[in-house]
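A.B. asks:
Residue numbers (my numbering): 3 to 262.
1. Which same chain residues, not among the five before or five after residue 169, have their C-beta less than 7 Å away from its C-beta?
2. For the beta strand (DSSP E) that residue 105 lies in, which residues bound it at each end?
3. Taking 8 Å as the cut-off, decide whether the C-beta atoms of residue 11 and residue 53 are in contact.
4. Run through the stretch 195-226 for me and flag every whole beta strand (DSSP E) of 3 or more residues, listed as ranges in chain order.
5. For the beta strand (DSSP E) containing residue 26, list its first residue and its last residue.
6. With 16 other CB atoms within 10 Å as the buried threshold, where does residue 109 fall?
7. Residue 223 and residue 242: beta carbons closer than 8 Å?
8. Take residue 253 as the anchor and find which of 227, 144 and 116 has the nearest alpha-carbon.
9. Where does residue 115 sit, in a helix, a strand or coil, going by DSSP?
10. When the Cα atoms are used, what is the spatial distance from residue 131 to residue 259?
11. Alpha carbons only, please: which of 43, 61 and 47 is nearest the one belonging to residue 69?
12. Suppose you measure from the CA of residue 239 to the CA of residue 218; what does that come to, to the nearest Å?
13. Determine the direct distance from the alpha carbon of residue 160 to that of residue 202, and round the result to whole angstroms.
14. From what residue to what residue does the alpha helix (DSSP H) around residue 235 run?
15. Could you tell me if residue 206 is buried or exposed, where buried requires 16 or more neighbouring beta carbons within 10 angstroms of its beta carbon?
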């Protein structure tokens with residue numbers, strides 16, 4: 003009998019999880035037996051070591067809000083990309099070769115891979131500057147990718163007082179977004195959860211009246227498939243993309259990492 007291989011998602015709360023549905027469906031469709039994927043809604047990230055003790059068959063974890071940054075001190079090592087970004091959304095759990103009983107945790111960032119793969123087909127010459135809405139873990143992956151592509155990025159935040167040298171120089175408050183700023187930044191990426199089900203009528207507080215057909219609006223939110231943010235952009239003629247393709251891409255990259 004083959005040993006059970008377990009995977010899962012940590013975060014809090016985990017009311018609507020893409021990951022469990024995706025991986026459970028993958029296991030069934032690809033006839034991958036003796037594998038399971040579970041949700042682990044832990045109220046504090048410090049509960050991770052106890053979670054691992056209670057679930058010795060775990061081989062990998064995805065990480066979501068609000069632990070993509072705070073989980074890092076609990077890990078044994080970081081992949082170079084995760085180190086550069088400063089956020090982790092994928093953990094590989096493996097046995098230390100020198101101590102068969104000791105588990106080691108290595109953090110990765112597959113958000114960056116997923117975002118790059120999904121946005122590449124939509125980028126055009128006018129998308130040389132980007133506004134990134136939000137300053138959480140996902141925004142760091144987005145910033146990392148756009149910077150690598152050569153796109154100048156500014157963050158948009160509700161408060162200008164942020165203890166993070168990466169984003170203190172290049173940021174706007176929502177109140178500072180005017181016609182001049184909106185015309186200068188033709189790519190807008192929403193990395194906040196605003197507009198996620200069930201708050202489907204909510205949208206980031208940007209001046210949509212200054213959106214044009216030259217703009218590209220990308221929303222990391224995938225539920226609903228078309229958020230209010232994207233609807234308002236489309237109404238002004240902008241191109242729009244939701245986060246579903248990114249999720250598929252990052253999930254497959256996580257699967258590759260867990261099995262390498």
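Cβ coordinates follow ideal geometry from the N, Cα and C atoms, glycine included.
None of the values given here were measured: they were computed from a predicted structure.
C.D. replies: Working from what's here:
1. Unreliable placement is indicated for residue 169, whose pLDDT of 43 sits below 50; the coordinate value is still reported in the next sentence. The residues are 137 and 157.
2. 105-110
3. no
4. 218-221
5. Segment 20-31 is the alpha helix (DSSP H) holding residue 26; no beta strand (DSSP E) there.
6. buried
7. no
8. When each option's Cα is compared against that of residue 253, the closest is 116.
9. helix
10. 32 Å
11. The shortest C-alpha separation from residue 69 is found at 47.
12. 9 Å
13. Approximately 20 Å between the Cα atoms of the pair.
14. 230-237
15. buried
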